[in-house]
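Novice:
Number of protein chains: 2
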Amino acid sequence: MKAEIITIGDELLIGQVVDTNSAFIATKLNEAGIHVCQITSVSDNKEHIVEALNNAVQRADIVLMTGGLGPTNDDITKLTLCGYFNVGLRFDQEAYKDVEYMFKIRGREVSEVNRKQAELPENCVALHNKNGTAPGMWFDVNDKVYISMPGVPYEMKALMEDEVIPKLKERFTLPVIVHKNILTIGIGESVLAEKITAWEASLAQDNIKLAYLPSIGMVRLRLSTSGADKNTLEEKVNRKIEELKTLVGEYIFGYENDTLEVIVGKLLKENKQTLSLAESCTGGYISHLVTLAPGSSSYYKGSIVAYSYEIKTLELGVDEEVLNQRGAVSQEVVEKMASSVRKKFHTDYSLAVSGIAGPDGGTPEKPVGTVWIALATPTKVFSKKYQFANNRMRNIQMTANTALNLLRKEILMNVK
Amino acid sequence: MKAEIITIGDELLIGQVVDTNSAFIATKLNEAGIHVCQITSVSDNKEHIVEALNNAVQRADIVLMTGGLGPTNDDITKLTLCGYFNVGLRFDQEAYKDVEYMFKIRGREVSEVNRKQAELPENCVALHNKNGTAPGMWFDVNDKVYISMPGVPYEMKALMEDEVIPKLKERFTLPVIVHKNILTIGIGESVLAEKITAWEASLAQDNIKLAYLPSIGMVRLRLSTSGADKNTLEEKVNRKIEELKTLVGEYIFGYENDTLEVIVGKLLKENKQTLSLAESCTGGYISHLVTLAPGSSSYYKGSIVAYSYEIKTLELGVDEEVLNQRGAVSQEVVEKMASSVRKKFHTDYSLAVSGIAGPDGGTPEKPVGTVWIALATPTKVFSKKYQFANNRMRNIQMTANTALNLLRKEILMNVK
Chain Z
17 MKAEIITIGD ELLIGQVVDT NSAFIATKLN EAGIHVCQIT SVSDNKEHIV
67 EALNNAVQRA DIVLMTGGLG PTNDDITKLT LCGYFNVGLR FDQEAYKDVE
117 YMFKIRGREV SEVNRKQAEL PENCVALHNK NGTAPGMWFD VNDKVYISMP
167 GVPYEMKALM EDEVIPKLKE RFTLPVIVHK NILTIGIGES VLAEKITAWE
217 ASLAQDNIKL AYLPSIGMVR LRLSTSGADK NTLEEKVNRK IEELKTLVGE
267 YIFGYENDTL EVIVGKLLKE NKQTLSLAES CTGGYISHLV TLAPGSSSYY
317 KGSIVAYSYE IKTLELGVDE EVLNQRGAVS QEVVEKMASS VRKKFHTDYS
367 LAVSGIAGPD GGTPEKPVGT VWIALATPTK VFSKKYQFAN NRMRNIQMTA
417 NTALNLLRKE ILMNVK
Chain A
17 MKAEIITIGD ELLIGQVVDT NSAFIATKLN EAGIHVCQIT SVSDNKEHIV
67 EALNNAVQRA DIVLMTGGLG PTNDDITKLT LCGYFNVGLR FDQEAYKDVE
117 YMFKIRGREV SEVNRKQAEL PENCVALHNK NGTAPGMWFD VNDKVYISMP
167 GVPYEMKALM EDEVIPKLKE RFTLPVIVHK NILTIGIGES VLAEKITAWE
217 ASLAQDNIKL AYLPSIGMVR LRLSTSGADK NTLEEKVNRK IEELKTLVGE
267 YIFGYENDTL EVIVGKLLKE NKQTLSLAES CTGGYISHLV TLAPGSSSYY
317 KGSIVAYSYE IKTLELGVDE EVLNQRGAVS QEVVEKMASS VRKKFHTDYS
367 LAVSGIAGPD GGTPEKPVGT VWIALATPTK VFSKKYQFAN NRMRNIQMTA
417 NTALNLLRKE ILMNVK
């Protein structure tokens with residue numbers, strides 16, 4: 017089965033917005049066994065959208081569009097589709113209920129402009145958009161399926177996962193594709209590749225493909241294979257994952273859509289243990305990650321973000337003299353931060369970080385990217401020094417992931 | 017002058033890599049007054065590349081390609097272009113010197129595979145690639161210009177800036193394009209559109225186009241126009257921005273690439289004022305935003321993330337009885353949080369937030385998305401209740417942006 021993606025919006029063609037929607041949609045289609053032939057970005061221009069549609073449908077069975085569904089005048093996708101299919105608009109009661117609901121929870125009345133969001137081309141089926149007022153649209157015309165979604169990424173993502181992919185699986189007979197993701201942390205892509213060279217070579221026999229997908233301090237390994245029977249494929253892939261565990265098990269922290277913060281949260285919850293944090297250079301980012309996990313209030317009590325010397329002294333009892341002599345980015349300071357917040361917040365574990373995120377603040381002895389991470393446990397306090405790179409946001413993310421991984425490994429060791 | 021961009025590579029169509037090259041190229045072309053009609057991503061497949069080229073050149077004067085120039089067998093762009101133009105390969109001595117140099121600085125000999133990097137289609141001019149072994153290629157055929165560049169972003173970027181844009185400016189007489197962005201917060205896209213209907217209609221007279229680009233709690237308005245003289249165009253657009261200010265000035269927080277956290281930081285710095293935070297439902301996210309701005313340590317002292325009742329009581333002096341009677345998401349609690357952290361951290365301003373981010377924890381009186389935001393200033397403490405939606409991450413972001421905007425408006429009012 018072949019698909020094409022058309023992303024619509026002037027902002028894409030002037031380079032103001034990077035088209036991240038296409039990669040997301042392409043990933044989801046590929047997982048479902050649908051091959052993407054082409055991705056096309058066009059402006060909010062009727063003739064050009066129609067031309068792109070005409071070309072796409074010559075090559076593909078399914079055409080997915082994003083963008084141009086807002087309530088304002090520059091959004092013309094809906095009327096363009098009416099013209100393309102030669103149909104008028106109808107008022108969709110179900111879609112209007114969704115619009116009303118979106119406004120109701122914000123305590124507002126539906127404006128005239130937004131009432132129009134429920135007007136849809138006569139020949140489409142509305143797809144429920146749980147995060148916005150513009151419904152998705154599904155057209156099934158002359159054996160081709162056309163799908164139109166809003167361009168706002170989180171609206172599109174929910175529509176793809178909850179509505180589009182299930183409907184495509186119902187509508188077409190798709191081959192069985194099995195993907196499994198193994199998530200590693202604390203090992204670089206090339207070192208990892210060297211450690212698993214022989215295992216990687218053995219995958220071909222089983223018709224399994226491997227992709228390395230690196231992100232901040234992590235590498236995702238994706239195994240993919242296709243065939244007739246899902247169970248057989250899964251067994252084959254699972255066998256290979258068991259082999260992989262014996263090679264690099266210590267670096268594997270999760271599978272599929274696991275995130276480090278959710279995995280750490282599960283471990284804390286299972287062991288009925290609690291966490292607090294003292295952050296300096298990460299400025300609240302680790303707390304943010306921890307609380308991204310719904311239900312984190314059962315194991316996370318809180319944090320002190322001590323960005324200034326004053327707060328480190330006042331709130332975490334760091335000695336002023338030590339601060340002045342050793343600097344905030346030092347073993348003494350970060351260990352004191354960890355043990356103080358642990359005592360103050362009455363938690364089992366406490367992480368503390370202090371470093372130089374950049375771009376300024378580096379010195380020859382402590383260049384940008386120097387970070388100390390400490391962990392206080394019921395029995396000890398210890399810390400490690402790291403040297404990351406020179407990008408501020410990347411240093412913050414690397415520090416957060418490294419700190420959470422330190423905690424993960426400590427909990428696992430104490431459980432054993 | 018019209019251009020199209022074709023990005024070539026299987027990794028784009030399976031969603032493994034987000035195409036960031038296109039946005040960069042489009043930005044550079046737009047700045048040079050070249051209009052981008054379409055961006056097309058295709059796989060490493062000869063027929064499909066030729067089809068994309070044929071289509072692009074019907075609409076545009078300039079076609080820019082990236083990708084498929086590596087030395088390995090899956091890179092087929094160069095041979096495809098030979099076929100397309102019906103020419104053979106020639107050995108380019110200048111390009112070979114570049115290849116030799118790239119290997120020399122790595123202390124290696126040029127391999128046979130890499131020697132081929134200097135073989136170029138007979139009808140092209142080589143463009144010097146200072147960061148890699150694959151030269152860029154410039155074809156000028158039947159009044160159309162075709163440019164091929166490597167897909168590695170930092171190689172492509174240097175080629176665009178140092179070679180392609182200067183050559184395009186020489187080759188074509190280009191118009192001037194002016195874009196201006198106005199950033200608003202605290203007003204929805206549709207309400208904003210209603211307030212500026214007449215102003216929007218008046219833009220056509222001046223040949224100015226308007227786009228609405230919404231994000232979390234914000235709407236970016238982009239004005240674009242083109243003509244002969246840059247100053248005249250800028251004056252025309254600036255006049256319209258002045259008119260816009262009289263209509264919705266209270267919602268405008270910045271221009272172009274400003275971010276709310278940087279604007280708030282600038283205001284604090286200018287007025288020599290300091291900030292601390294007490295976060296509950298945002299779990300450190302506001303602190304993270306504030307510290308994303310380099311140099312934030314000059315106005316931001318720190319935060320208490322009080323996720324549990326215990327920490328709200330212990331660290332922020334919230335009365336236990338009030339917590340139990342009114343709940344953590346209440347005016348009394350959030351105002352106490354703000355005034356306590358302000359006193360404790362000795363800052364001029366303190367923001368505090370408490371809410372129900374979801375997905376769980378909602379009640380009929382306080383559904384998911386209910387958020388209280390308080391601001392403590394040198395003279396008062398006040399708070400507001402908001403009702404956001406039901407997506408956890410979005411509620412966190414909406415709360416953060418709304419809180420920072422509350423602070424921004426308060427600082428501005430006190431300055432007046």
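Heads up: the protein sequence lines correspond to chains Z and A, in order. Numbering follows the numbering used here, with no gaps: position 339 of the first sequence is 355. Numbering follows the numbering used here, with no gaps: position 379 of the second sequence is 395. Just so you know, even glycine gets a beta-carbon here, dropped at the ideal spot from N, CA and C. As the structure is a prediction and not an experimental result, all values here were calculated from the model.
Counting contacts by CB-CB distance shorter than 9 Å, is A/GLU381 in contact with chain Z?
Specialist: Numbered from its first residue, the second sequence carries residue 381 of chain A at position 365. Closer than 9 Å: no.
Novice: Taking only beta-carbon atoms, is A/ALA174 less than 9 Å away from chain Z?
Specialist: Start at 1 with the first residue of the second sequence, and residue 174 of chain A comes out as number 158. With 9 Å as the cut-off, A/ALA174 does not count as an interface residue toward chain Z.
Novice: From the DSSP output, in three-state form, read off Z/ASP376 for me.
Specialist: Position 360 of the first sequence, counted from the start, is the residue given in the question as residue 376 of chain Z. Reduced to three states, the DSSP call for Z/ASP376 is coil.
Novice: Give me the residue from A/ILE212, A/GLN221 and A/GLY243 with the minimum Cα distance to A/TYR228.
Specialist: Taking the first residue of the second sequence as 1, we reach residue 228 of chain A at position 212. It is A/ILE212 whose Cα lies nearest to the Cα of A/TYR228.
Novice: List the residues of chain Z that A/ARG124 touches, going by C-beta distances under 8 Å, in chain order.
Specialist: What you label residue 124 of chain A is simply residue 108 of the second sequence in a count that begins at 1. Chain Z residues near A/ARG124: none, gap ~17 Å exceeds 8 Å.
Novice: By the three-class DSSP mapping on this structure, what secondary structure does A/ASN287 have?
Specialist: Locating residue 287 of chain A in the second sequence gives position 271, counting from the first residue. A/ASN287: coil per DSSP, three-state reduction.
Novice: Between the segment 355-382 of chain A and chain Z, which residues of the former have a C-beta closer than 9 Å to a C-beta of the latter?
Specialist: Residues passing the 9 Å Cβ filter: LYS360, PHE361, HIS362, ALA373, GLY374, PRO375, ASP376 and GLY377.
Novice: Classify A/SER370 as helix, strand or coil using the three-state DSSP reduction.
Specialist: Walking along the second sequence from the start, residue 370 of chain A turns up at place 354. Three-state result, A/SER370: strand.
Novice: To the nearest angstrom, how far is the alpha carbon of Z/GLU426 from that of Z/THR248?
Specialist: Walking along the first sequence from the start, residue 426 of chain Z turns up at place 410. Walking along the first sequence from the start, residue 248 of chain Z turns up at place 232. Between Z/GLU426 and Z/THR248, the C-alpha separation is close to 37 Å.
Novice: Going straight from the alpha carbon of Z/TYR316 to that of A/LYS120, what length do you get?
Specialist: Position 300 of the first sequence holds residue 316 of chain Z. Position 104 of the second sequence holds residue 120 of chain A. For Z/TYR316 and A/LYS120, the distance between alpha carbons rounds to 54 Å.
Novice: Alpha carbon to alpha carbon, what distance is there between Z/LYS432 and Z/ALA373?
Specialist: Numbered from its first residue, the first sequence carries residue 373 of chain Z at position 357. Numbered from its first residue, the first sequence carries residue 432 of chain Z at position 416. Answer to the nearest angstrom: the Cα atoms are 35 Å apart.
Novice: Over the uninterrupted beta strand (DSSP E) stretch that includes Z/PRO230, give me the two end residues.
Specialist: Here residue 230 of chain Z is taken as the residue at index 214 of the first sequence, counted from 1. Start and end: 225-231.
Novice: Straight-line CA distance for A/SER391 to A/LYS261?
Specialist: The count along the second sequence starts at 1 and reaches residue 391 of chain A at position 375. The count along the second sequence starts at 1 and reaches residue 261 of chain A at position 245. In the sequence as presented, Ser is not what sits at residue 391 of chain A; that position holds Leu. For A/LEU391 and A/LYS261, the distance between alpha carbons rounds to 26 Å.
Novice: Any chance you could list the alpha helix (DSSP H) runs of at least 4 consecutive residues sitting entirely within the segment 292-330 of chain A, in chain order?
Specialist: The qualifying runs are 301-308.
Novice: Mind reading off the beta-carbon distance from Z/LEU367 to Z/LEU305? Whole number of angstroms is fine, and I expect it under 8 Å.
Specialist: Walking along the first sequence from the start, residue 367 of chain Z turns up at place 351. Walking along the first sequence from the start, residue 305 of chain Z turns up at place 289. So it is not a contact: roughly 11 Å between Cβ atoms.
Novice: Please state if the CB of Z/GLY25 and the CB of Z/SER57 are separated by a distance shorter than 9 Å.
Specialist: By one-based count along the first sequence, residue 57 of chain Z stands at place 41. By one-based count along the first sequence, residue 25 of chain Z stands at place 9. Yes, Cβ-Cβ distance for Z/SER57 and Z/GLY25 is below 9 Å.
Novice: Is A/VAL369 closer than 9 Å to A/THR329 when the C-beta atoms are compared?
Specialist: For the purposes of this step, residue 329 of chain A is taken as residue 313 along the second sequence, with counting starting at 1. For the purposes of this step, residue 369 of chain A is taken as residue 353 along the second sequence, with counting starting at 1. Taking 9 Å as the Cβ cut-off, A/THR329 and A/VAL369 do not qualify as a contacting pair.
Novice: According to a CB-to-CB cut-off of less than 7 Å, which residues of the segment 314-327 of chain A neighbour chain Z?
Specialist: From the segment 314-327 of chain A, only TYR316, LYS317, GLY318, SER319, ILE320, VAL321, ALA322, TYR323, SER324, GLU326 and ILE327 have a Cβ closer than 7 Å to chain Z.
Novice: With 9 Å as the C-beta to C-beta threshold (strictly closer), list the residues of the segment 388-417 of chain Z near chain A in chain order.
Specialist: Those residues of the segment 388-417 of chain Z that come within reach of chain A (Cβ to Cβ, closer than 9 Å) are ARG408, MET409 and ILE412.
Novice: Measuring only the C-alpha atoms, how far is A/GLY31 from Z/PHE40?
Specialist: Mapped onto the second sequence, residue 31 of chain A falls at position 15. Mapped onto the first sequence, residue 40 of chain Z falls at position 24. Near 6 Å, if we compare the C-alpha coordinates of Z/PHE40 and A/GLY31.
Novice: According to DSSP, what are the bridge partners of A/ASP156?
Specialist: Numbered from 1 along the second sequence, position 140 holds the residue referred to as residue 156 of chain A. A/VAL161.
Novice: Mind listing the chain Z neighbours of A/ILE30? Cutoff is C-beta to C-beta under 8 Å, in chain order.
Specialist: The residue you call residue 30 of chain A lines up with position 14 of the second sequence. Residues of chain Z passing the Cβ test: ALA42, THR43, ASN46 and VAL52.
Novice: How would you list, in chain order, the residues of chain A whose beta-carbon sits under 7 Å from the beta-carbon of Z/ALA227?
Specialist: Along the first sequence, read from residue 1 onward, the residue named residue 227 of chain Z stands at position 211. Under the 7 Å cutoff, chain A gives GLN32.
Novice: Give the straight-line distance between the Cα atoms of Z/TYR325 and A/ASN407, rounded to the nearest whole angstrom.
Specialist: Start at 1 with the first residue of the first sequence, and residue 325 of chain Z comes out as number 309. Start at 1 with the first residue of the second sequence, and residue 407 of chain A comes out as number 391. If I take the Cα positions, the gap works out to 36 Å.
Novice: Please determine if the segment 138-145 of chain A and the segment 57-67 of chain A are in contact, where contact requires at least 3 C-beta pairs separated by less than 8 Å.
Specialist: No, the segment 138-145 of chain A does not touch the segment 57-67 of chain A.
Novice: With C-beta atoms as the reference, is A/LYS196 less than 9 Å away from A/TYR271?
Specialist: Within the second sequence, the letter at position 180 stands for residue 196 of chain A. Within the second sequence, the letter at position 255 stands for residue 271 of chain A. Taking 9 Å as the Cβ cut-off, A/LYS196 and A/TYR271 qualify as a contacting pair.
Novice: Please decide whether A/TYR301 counts as near chain Z, where near means a Cβ-Cβ distance under 9 Å.
Specialist: For the purposes of this step, residue 301 of chain A is identified with residue 285 of the second sequence, where counting begins at 1. A/TYR301 counts as touching chain Z.
Novice: Please classify Z/PRO151 as buried or exposed, where buried requires at least 16 neighbouring CB atoms within 10 angstroms.
Specialist: Position 135 of the first sequence holds residue 151 of chain Z. Flag for Z/PRO151 reads buried.
Novice: Here's the rule I'm using: 16 or more other beta-carbon atoms within 10 Å means buried, otherwise exposed. How should A/TYR170 be labelled?
Specialist: On the second sequence, residue 170 of chain A is found 154 positions in, with the first residue counted as 1. That one is exposed.
Novice: Alpha carbon to alpha carbon, what distance is there between A/ALA322 and Z/THR307?
Specialist: Counted from its first residue, the first sequence places residue 307 of chain Z at position 291. Counted from its first residue, the second sequence places residue 322 of chain A at position 306. Each residue's Cα considered, the two are about 11 Å apart.
Novice: Quick one: residues in its chain with C-beta nearer than 8 Å to the C-beta of A/SER319, no 5 flanking neighbours on either side, listed in chain order?
Specialist: Along the second sequence, one-based indexing puts residue 319 of chain A at 303. Correct list, in chain order: SER292, LEU293, ALA294, GLU295, GLY300, ILE302, SER303 and VAL357.
Novice: Tell me whether the beta-carbon of A/TRP215 lies closer than 9 Å to the beta-carbon of A/LYS256.
Specialist: The count along the second sequence starts at 1 and reaches residue 215 of chain A at position 199. The count along the second sequence starts at 1 and reaches residue 256 of chain A at position 240. In this structure, A/LYS256 lies closer than 9 Å to A/TRP215 by Cβ.
Novice: Assess, as a yes-or-no matter, whether the segment 233-246 of chain Z is touched by the segment 200-211 of chain Z under the definition of 3 or more beta carbon pairs within less than 8 Å.
Specialist: At 8 Å Cβ cutoff, the stretches touch.
Novice: In chain Z, what lies closer than 7 Å to A/ASN287 by C-beta?
Specialist: In the second sequence, residue 287 of chain A corresponds to position 271, counting from 1. Those do not exist, as A/ASN287 stays about 18 Å from chain Z at its closest Cβ, beyond 7 Å.
Novice: Below 6 Å CB to CB, which residues in the same chain sit around Z/GLY353 once its five sequence neighbours on both sides are set aside?
Specialist: Here residue 353 of chain Z refers to the residue found at position 337 when the first sequence is read from its first residue. The amino acid at residue 353 of chain Z is misidentified as Gly; the sequence shows Met. Hits under 6 Å: ALA294, LEU332 and ALA368.
Novice: Excluding sequence positions up to five away, which residues of its chain have a Cβ less than 6 Å from the Cβ of Z/GLN413?
Specialist: Mapped onto the first sequence, residue 413 of chain Z falls at position 397. Counting only Cβ-Cβ distances below 6 Å, and skipping sequence neighbours, we find ILE232.
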